[in-house]
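Chains as they are written, first to last, in this note's numbering: chain A, 342 to 448; chain B, 4 to 232.
Heads up, the thing below is written out as structure tokens.
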Amino acid sequence: MIAQLILTVMLLAVVLYASMSYRQAPVIGLFAVISASWGLYFVWVPSHATKLAALVGIGRGVDLVLYVWVVISLIMLLNLHLKLRAQMELITRLARKIALAEASQEK
Amino acid sequence: MSMPPPDNIWVVIAAYNEAAVIASVVADVMAAGYRAVVVDDGSRDRTAEVAASAGAALVRHPINLGQGAALQTGIEFALARGADTIVTFDADGQHRAADIAGLIDALARHNADFALGSRFLGTTVNIPSSRRWLLKAASWFTRATTGLSVTDSHNGLRAMTRRGASHIQLRQNRMAHASEILHQIASSGLKYVETPVTIHYSAYSLAKGQTLFDAVLIVLDLLARRLYR
């Protein structure tokens, strides 16, 4: 029960995080929300997880949940990467402005 | 459409650590009668000083941002100076200023907004066969993704009208800008022509060129760009 509660909190955090980043990266955000929701469902109905796990050839439902978690982590990593790129764009615009301002001063 | 006076033609040269060759590149461009702006992309060598003393206008990025970013900066600089025509030109000595006239002539003759240099319509000097195949593959990829019929998608020598230039807003800082510029030409709906140009490969320019590994990174850059706004 304790594990289920902790996982629920963590997965809810993912859902929250993903829906907040939905505006910057719609694809990633949507995917993260969907996977985290599935995670929540399986945490509370593990027997379904076990059935689905057996269906796709994984031994136990717990393992399936674990794999889903790994996938979510990777998606968050990708999202972070995309955010860094967006930041780089801001830095670029800033640096360009400085460069152009300095160039016109020297004239 | 008549030929614009040479005074309003700006040649944008993005340079990163090119102190060894930038003076001769600038001299070549200016001897042909064009205005040159060198965008020093945060070089660690004396590129900026050498370019300025060769007579080019100088814009210095405070930090290294990449060639795409430098070209965009140069284009904006030229637009702010009232350029009618903007030419992008590599800093490593691969291009010949003599080819610029052909590009500008092509803009006027075809009433186009972009004239793209093509080494495969023109001539290449000392091109290694591996480089030739890589470039052919890149052009095929570009044709497939943009629908533009170009023979040489990764040629840094191009000319554009003021109207064309104002449609270009490069966001790919690194090398993927070559594909990005073509995407933006395609989506602008403006007319483009390909014009033969000569590319001189030297040991120096080859060392600075792109490899197959870079090509993979470029494709990843382009894909990543589609994942966010």
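From the three backbone atoms N, C-alpha and C, an ideal C-beta is built for every residue, glycine too.
Using a Cβ cut-off of 8 Å (strictly closer), state whether residue i contacts chain A.
{"i": "Ala227 of chain B", "result": "yes"}
{"i": "Pro7 of chain B", "result": "Because Pro7 of chain B carries a pLDDT of 48, less than 50, the predicted location of this residue cannot be relied on, and the following value inherits that uncertainty. No - not a single Cβ of chain A is within 8 Å of the one on Pro7 of chain B."}
{"i": "Ala165 of chain B", "result": "Looking at the sequence provided, one finds Arg at residue 165 of chain B rather than Ala. By this cut-off, Arg165 of chain B is not an interface position."}
{"i": "Glu21 of chain B", "result": "no"}
{"i": "Met4 of chain B", "result": "Unreliable positioning characterises Met4 of chain B in this predicted model, as indicated by a pLDDT of 47, which lies under 50. A coordinate reading is not provided."}
{"i": "Glu79 of chain B", "result": "yes"}
{"i": "Ile16 of chain B", "result": "no"}
Just reading off the alpha helix (DSSP H) that residue i is part of, what are its end residues?
{"i": "Ser376 of chain A", "result": "367-385"}
{"i": "Glu52 of chain B", "result": "50-56"}
{"i": "His186 of chain B", "result": "180-191"}
{"i": "Asp87 of chain B", "result": "Asp87 of chain B -> no alpha helix (DSSP H), and no H or E assigned at all."}
{"i": "Leu137 of chain B", "result": "132-149"}
On the DSSP letters alone, give me the boundaries of the beta strand (DSSP E) that residue i sits inside.
{"i": "Ser121 of chain B", "result": "117-128"}
{"i": "Ile202 of chain B", "result": "195-203"}
Counting only C-beta atoms, is residue i closer than 8 Å to chain B at any point?
{"i": "Met417 of chain A", "result": "no"}
{"i": "Ile413 of chain A", "result": "no"}
{"i": "Gln428 of chain A", "result": "no"}
{"i": "Ala453 of chain A", "result": "It is not possible to answer for residue 453 of chain A, since the shown part of chain A is limited to 342 through 448."}
{"i": "Arg437 of chain A", "result": "yes"}
{"i": "Leu425 of chain A", "result": "no"}
{"i": "Leu421 of chain A", "result": "no"}
{"i": "Thr349 of chain A", "result": "no"}
Identify which residue in the options has its Cα closest to the Cα of residue i.
{"i": "Glu79 of chain B", "options": "A:Ala366, A:Ile439, A:His389, A:Asp404", "result": "A:Ile439"}
{"i": "Gly69 of chain B", "options": "B:Gly45, B:Val62, B:Ala111, B:Phe117", "result": "B:Gly45"}
{"i": "Asn11 of chain B", "options": "B:Ala51, B:Gln97, B:Val28, B:Ile107", "result": "B:Ile107"}
{"i": "Ala179 of chain B", "options": "B:Leu193, B:Thr145, B:Thr126, B:Arg165", "result": "B:Thr145"}
{"i": "Gly23 of chain B", "options": "B:Ala73, B:Leu220, B:Gly96", "result": "Checking the sequence shown, residue 23 of chain B turns out to be Ala, not Gly. Considering only alpha carbons, the answer is B:Gly96."}
{"i": "Ser133 of chain B", "options": "B:His186, B:Glu52, B:Thr148, B:Gln213", "result": "B:Gln213"}
{"i": "Tyr19 of chain B", "options": "B:Trp13, B:Pro65, B:Leu119", "result": "B:Pro65"}
With residue i and residue j assumed to form a contact (beta carbons below 8 Å), what rounded beta-carbon distance in angstroms separates them?
{"i": "Ala162 of chain B", "j": "Thr76 of chain B", "result": "Not a contact, Cβ separation roughly 18 Å."}
{"i": "Val90 of chain B", "j": "Val62 of chain B", "result": "About 16 Å; that fails the 8 Å criterion."}
{"i": "Ile25 of chain B", "j": "Ala54 of chain B", "result": "5 Å"}
For residue i, decide whether its Cβ has a neighbour in chain C, counting only Cβ atoms nearer than 8 Å.
{"i": "Arg174 of chain B", "result": "The chain inventory of the structure shown lacks chain C, comprising the protein chains A and B."}
Given the structure, does residue i come close to the ligand MN, in the sense that its CB is under 7 Å from one of the ligand's heavy atoms?
{"i": "Pro131 of chain B", "result": "With respect to the ligand MN, the structure offers nothing, as it holds no ligand at all."}
(request) Can you give me, in chain order, the residues of the segment 59-75 of chain B that have a beta carbon less than 8 Å from any beta carbon in chain A? (result) So the close ones are Ala60, Leu61, Val62, Arg63, His64, Pro65, Ile66, Leu68, Ala72, Gln75.
(message) Which residues of the segment 353-383 of chain A have a Cβ closer than 7 Å to any Cβ of chain B? Give them in chain order.
(response) From the segment 353-383 of chain A, only Gln365, Ala366, Val368, Ile369 have a Cβ closer than 7 Å to chain B.
(message) Output needed in chain order: residues of the segment 91-113 of chain B with a Cβ under 9 Å from some Cβ in chain A.
(response) none
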